[in-house]
Each structure stands twice: as structure tokens, then as C-alpha cells.
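Presented below is the structure to which this report refers.
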Amino acid sequence: MTNLVISTITAIWIILIALISVQNASLVSINFVVWKLIDLPWGLVLAGAVAIGFLIGGCLPLLRANSATVKRR
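For the sequence shown, position 40 matches number 48 in the working numbering, and the numbering has no gaps at all.
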């Protein structure tokens, strides 16, 4: 649980830094198969990707700990 809290705080921190630093950023267009996202500043896209990575990284130990636990009598 501690990993998830630390990862969440770090992810929020990175997003806030990106929001502050978007003043002079160039815009990036993200295209999927048939879906186009609005043009976003490069710093915001990068920070969002890092934040999602931190959150997933914080959740993985929780999933692994539950599957590795063996109940013994």
C-alpha cells in the first residue's frame, strides 16, 4: 500500500510540474487508429505517460503480493 501512495504522490507532482511548464511548449498531436486527440503540449504528454507508468508500477507489487501468498494451517 505504501508503494501505491508514494507512486500517486509522485505522479501528481510530475503532472503539476508539467502544467506549470507548458507555457512555451510545442504542441503534439496524438493519433490512434480512427481517433485523434486534441493537440497537447509535449511536456504534458510526457508527464502523463510517466505518471501512468508510476501508477502501474505502484500497483504491480500489490498484485504480485496477493498471488504469492500461501495460506497454511
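Backbone N, C-alpha and C define an ideal beta-carbon position, used for all residues, glycine too.
Fair warning: this is a prediction, and the values are worked out from it, not measured in the lab.
- Query: Does the beta-carbon of G61 have 16 or more other beta-carbons within 10 angstroms, so that it is buried, or is it exposed?
  - Reply: Numbered from its first residue, the sequence shown carries residue 61 at position 53. The residue is exposed, with fewer than 16 neighbouring Cβ atoms inside 10 Å.
- Where does the unbroken alpha helix (DSSP H) through V13 begin, and where does it stop? If you number the sequence shown from 1, residue 13 lands on position 5. Element bounds for V13: T10 to I28.
- Task: Return the chain-ordered list of same chain residues with a C-beta closer than 6 Å to the C-beta of V53, the five sequence neighbours on each side being excluded.
- Result: Locating residue 53 in the sequence shown gives position 45, counting from the first residue. Here the set comprises V36.
- Item | Neighbourhood of P69 by C-beta distance below 6 Å, restricted to the same chain and skipping five residues each side | Here residue 69 corresponds to residue number 61 of the sequence shown, with the count starting at 1. These residues qualify, in order along the chain: N11.
- Secondary structure of L71, DSSP reduced to three states: Position 63 of the sequence shown holds residue 71. Here L71 sits in helix by DSSP.
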